[in-house]
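> To start, I am sharing the structure in question, which I have written as structure tokens.
In the working numbering, the protein residues as written are 62 to 133.
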């Protein structure tokens, strides 16, 4: 699989009338499967227990997202 970046950010519109403090930059994560059009044969797989921990059976589909990044 090619080396794509799964993370990005953008600057949302900030209304002068919004009573909440604005978030000037918002971050996002794109799932890796968006860039994989066909599942190649022989793709490596995790064991069942490890797949449950990582959230995917295939290492190529794990994006490395962590809750400490604060991205949702």
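All C-beta atoms, glycine included, are put in the ideal place defined by N, C-alpha and C.
If distances are taken between C-alpha atoms only, which option among 98, 68, 103, 76 comes closest to residue 90?
Taking only the C-alpha atoms, the option nearest residue 90 is 68.
> Give me the Cα-Cα distance between residue 31 and residue 76, rounded to the nearest whole angstrom.
This structure gives no information on residue 31, because the portion of the chain shown stretches from 62 to 133.
> Among residues of its own chain, excluding the 5 on either side of residue 117, which ones have a beta-carbon nearer than 7 Å to its beta-carbon?
For residue 117, where only same-chain residues beyond five positions count, the Cβ hits under 7 Å are 123.
> Cβ of residue 70 within 8 Å of Cβ of residue 86?
For residue 70 and residue 86, yes; Cβs fall inside 8 Å.
> Reducing DSSP to helix, strand and coil, say where residue 96 ends up.
Helix at residue 96.
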